[in-house]
Amino acid sequence: MELYYRTQGDLGEPLLIIHGLFGDGLNWGGVSRLLRDDFHLILPDMRNHGRSPHDDNDCSYPAMAADVLALMDRLELDQVQLVGHSMGGKIAMALALQHPHRVQGLTVVDIAPKKYPVRHRDVFAGLQAVAEARPESRQEAEALLRPHIETTAVRTFILKNLERTDTGFDWRVNWRALYERYDELADFPAFDTAYEGPCQFLVGGDSDYVTRDDQAEISRLFPQARGRVVGGAGHWLHAEKPELVARWIQDFVEAG
């Protein structure tokens, strides 16, 4: 699949950042603004997200990792520094484990290589409510979301997927495929191989996505991994603490 992507900055080594579920390549705006003077940033929209093509039948991590690899080939990049948040972190881990020679270094942001319980029922309910109503304004769409998604910041994030169509506003994200394939997204493939390259896990201090119980599997798959906790931040630590996250990514890359 040929992914849509954006680039920022022309200097330094390539740094490819993979967004999370319901996101797109613009989600890392705060961090990318801090890194674009020192790196060549590649910011793709993953399949079923943003402006990239949809696939109703395959949302698996091997497929999405293959999409990223195909993008690297299109851009003639032998290796990249790879960063991924949440779903994007699982994609990045899968790519590093399948094709370790293509990943110069790996930063995984607030996700572990494991299966998670269902976490997004409220979001999918809101997406469906808006899709069925075909609202005529963003304000109407937000009102439809509010009973399902109480947090303003989450509603604002989801509404970035809204676009005007000939029959009213609808979602750019292929939410039906994501809903139907959610088990694949919640899970993580089994790997017998390990990524031996440099690796860091950035974890939100207020997040429960990565716990001490995950350390053994992380160490098995990523023996060089080190963990860093972003205090006072939740799952969206790159949005809450962009300066710190950008600095830790830059320090990690420069350390080699």
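Our numbering applies: residue 1 is where the sequence shown begins, and numbers increase by one. We put the beta carbon where it would ideally sit given N, CA and C, even for glycine.
So, is residue i buried or exposed, given that buried needs 16 or more other C-beta atoms within 10 angstroms?
i: P53; result: exposed
i: H101; result: exposed
i: L95; result: buried
i: G105; result: buried
i: D170; result: buried
i: V118; result: exposed
i: E196; result: exposed
i: P223; result: exposed
i: S86; result: buried
i: G84; result: buried
i: D24; result: buried
i: A190; result: exposed
Give a yes or no on whether the C-beta atoms belonging to residue i and residue j are separated by under 8 Å.
i: V109; j: M93; result: no
i: I18; j: M46; result: yes
i: D214; j: K114; result: yes
i: V31; j: H235; result: no
i: L21; j: L97; result: no
i: L15; j: Q79; result: no
i: V210; j: A112; result: yes
i: W175; j: L127; result: yes
i: G205; j: G227; result: no
i: R172; j: N161; result: yes
i: M67; j: M1; result: According to the sequence as given, residue 67 is Asp; it is not Met. Yes, Cβ-Cβ distance for D67 and M1 is below 8 Å.
i: P258; j: L3; result: Since the first residue shown for the chain is 1 and the last is 256, residue 258 is missing from the structure and cannot be characterised.
i: H49; j: L69; result: no
i: L202; j: V230; result: yes
i: R134; j: T167; result: yes
i: L35; j: T7; result: no
Locate the beta strand (DSSP E) running through residue i, then write down its first and last residues.
i: R225; result: Correcting the residue type first, residue 225 is Ala in the shown sequence and not Arg. Its beta strand (DSSP E) spans residues A225 to V230.
i: G9; result: Taken as a continuous stretch (DSSP letters only), G9 belongs to no beta strand (DSSP E), as it is neither H nor E.
Could you please give the first and the last residue of the uninterrupted alpha helix (DSSP H) stretch that includes residue i?
i: V154; result: T152 to L159
i: L237; result: L237 to E240
i: P53; result: Per DSSP, P53 belongs to no alpha helix (DSSP H) and is neither H nor E.
i: L77; result: Where L77 is concerned, there is no enclosing alpha helix (DSSP H), given that its DSSP letter is neither H nor E.
i: A233; result: Unbroken run through A233: none, as it is neither H nor E.
i: V210; result: Run containing V210: none; DSSP gives neither H nor E here.
i: D122; result: R121 to A133
i: L35; result: G29 to L35
I'd like to confirm the pairing. Which residues does DSSP put opposite residue i in its beta bridges?
i: G84; result: I18 and V108
i: I42; result: T7 and L16
i: V103; result: V80
From the beta carbon of residue i, is the nearest beta carbon of chain D less than 8 Å away?
i: Y116; result: The structure shown has no chain D; it contains just one protein chain.
Counting only runs of 3+ residues fully inside the region 141-208, write out the beta strand (DSSP E) ranges in chain order.
162-165, 168-171 and 199-204
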